[in-house]
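Worksheet: the structure to be examined is printed underneath.
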Amino acid sequence: MMKNSLVSIARRALTTTVNSTALNLRCYCSPPSSSKAKLFVGGLSWSVDEKSLQDAFSSFGEVTEVKIIYDRDTGRPRGFGFVHFSKEEDAASAKDAMDGKALSGRPLRISLALERVRGEPVVVPRLRNTGDSSRRDA
DNA sequence: ACTGAGCGA
Numbered sequence: 062m063m064k065n066s067l068v069s070i071a072r073r074a075l076t077t078t079v080n081s082t083a084l085n086l087r088c089y090c091s092p093p094s095s096s097k098a099k100l101f102v103g104g105l106s107w108s109v110d111e112k113s114l115q116d117a118f119s120s121f122g123e124v125t126e127v128k129i130i131y132d133r134d135t136g137r138p139r140g141f142g143f144v145h146f147s148k149e150e151d152a153a154s155a156k157d158a159m160d161g162k163a164l165s166g167r168p169l170r171i172s173l174a175l176e177r178v179r180g181e182p183v184v185v186p187r188l189r190n191t192g193d194s195s196r197r198d199a
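Okay, so the first sequence: first residue is 62 according to our numbering, each after it adds one.
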């Protein structure tokens, strides 16, 4: 029970980007019970399309939404996307079935999509201290 | 043309 509660704790993925002037923080939360029908598909070939993913995943269940993430800087696909299923079990089946399978000649990495935290990414204007040594908080 | 380990506006 208690261990299950600990496991149920939402894990946070923190991406820290250190710049000369600012520190960019992006937080993601893992859904405890909801939005499990959302799959993160990584390792996608840069030549893959949304319709390809939809066609590949619709074979396992009803795909409600398919979106491939493109880089807004270069305009090229980052190589990963998100697939929404109407049923969580179908999403899990598709994940278990398509995970490790090669699409467009490239192995796919499928996992539960982490839900991005609401709001905009936290941007810290400046680092308080470089911290040459690990500081202990009282 | 080449590249990649990554969670979206």
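From the three backbone atoms N, C-alpha and C, an ideal C-beta is built for every residue, glycine too. This one's a predicted model, so the numbers in the text were calculated from it and none came from an experiment.
Just list the residues that DSSP pairs residue i with in beta bridges.
i    : result
L173 : L100
I129 : G142
A155 : For A155, which the question treats as bridged, DSSP gives no partner whatsoever.
V124 : F146
A163 : P168
By alpha-carbon positions, which one of the options ends up nearest to residue i?
i    : options                : result
L169 : K128, F141, V184       : F141
G161 : C90, G104, L100, L114  : G104
A155 : N85, F101, S91, V183   : F101
Q115 : T135, F146, R133, C90  : F146
D157 : R87, P92, F118, V109   : F118
T135 : W107, F143, A174, K99  : W107
E126 : A153, S172, V144, R177 : V144
D110 : L173, L84, S165        : S165
Is residue i near the ligand GDP, in the sense that its beta carbon is under 7 Å from a heavy atom of that ligand?
i    : result
A152 : Here there are no bound small molecules, and the ligand GDP is not part of this structure.
Here's a check: name, in chain order, each residue in its chain whose Cβ is nearer than 7 Å to the Cβ of residue i, leaving out the five neighbours to either side.
i   : result
K99 : F143, H145, A174
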